[in-house]
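Take a look at the structure below.
In UniProt numbering, the protein residues as written are 1 to 139.
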């Protein structure tokens with residue numbers, strides 16, 4: 001298949017060779033769609049914040065508006081970091097390393113990648129990483 005793929009009709013298959021052209025096109029489309037959704041939401045948030053920046057004469061309204069604004073900005077910051085991870089995943093697709101565990105080099109698995117397309121570790125490597133993190137946190 002080509003580099004274009006219809007996310008609504010293509011179904012990932014374990015029967016195909018791992019990270020073949022179909023898989024790469026599917027994940028590229030999925031990552032780009034996710035990124036575009038985040039960017040669209042960010043634009044909507046900026047528009048909303050610009051509308052909301054009106055001066056509120058009531059102190060309680062102003063405080064509530066400032067709290068909402070802070071929450072929105074924190075969410076946008078998290079999404080900015082997510083876009084960086086999506087861009088890194090797209091870069092790995094270009095380099096041919098997408099879908100392979102950074103720690104072991106083994107395939108991550110289609111189900112995991114479909115659920116978390118920015119994953120860089122296999123489930124086993126992720127669990128080891130989280131256990132080590134917990135040990136350091138508990139010390």
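In this text, a Cβ means the ideal position worked out from N, Cα and C, and glycines have one as well.
| query | result |
| --- | --- |
| Cα-Cα, which of 64, 105, 103 and 40 is closest to residue 76? | 40 |
| Over what stretch of residues does the alpha helix (DSSP H) that includes residue 66 continue unbroken? | 59 to 95 |
| Give me the Cβ distance between residue 82 and residue 38, rounded to the nearest whole Å; I'm assuming they're in contact under 8 Å. | 6 Å |
| Can you give me the Cβ contacts of residue 90 inside the same chain, cut-off strictly under 6 Å, excluding the 5 residues immediately before and after it? | 31 |
| Could I get the ranges of all uninterrupted beta strand (DSSP E) runs contained in the UniProt zinc finger region "dksA C4-type" (101 to 125), with 3 residues as the minimum, in chain order? | none |
| Excluding sequence positions up to five away, which residues of its chain have a Cβ less than 7 Å from the Cβ of residue 14? | 110 |
| Taking 8 Å as the threshold (C-beta atoms), are residue 121 and residue 27 in contact? | no |
| Can you give the Cα-Cα distance for residue 63 and residue 79, rounded to whole angstroms? | 24 Å |
| In terms of alpha-carbon separation, which member of 92, 58, 137 and 105 lies closest to residue 117? | 92 |
| Just to confirm before moving on: does the CB-CB distance between residue 18 and residue 105 stay below 8 Å? | no |
| DSSP state of residue 18, grouped into three classes? | coil |
| Looking at the structure shown, is residue 170 part of a helix, part of a strand, or coil, going by DSSP? | No answer is possible for residue 170: the residues shown for the chain start at 1 and end at 139. |
| Helix, strand or coil for residue 98, going by three-state DSSP, please let me know. | coil |
| Quick one: measure Cβ to Cβ for residue 86 and residue 34, integer angstroms, because I've assumed they're closer than 8 Å. | 6 Å |
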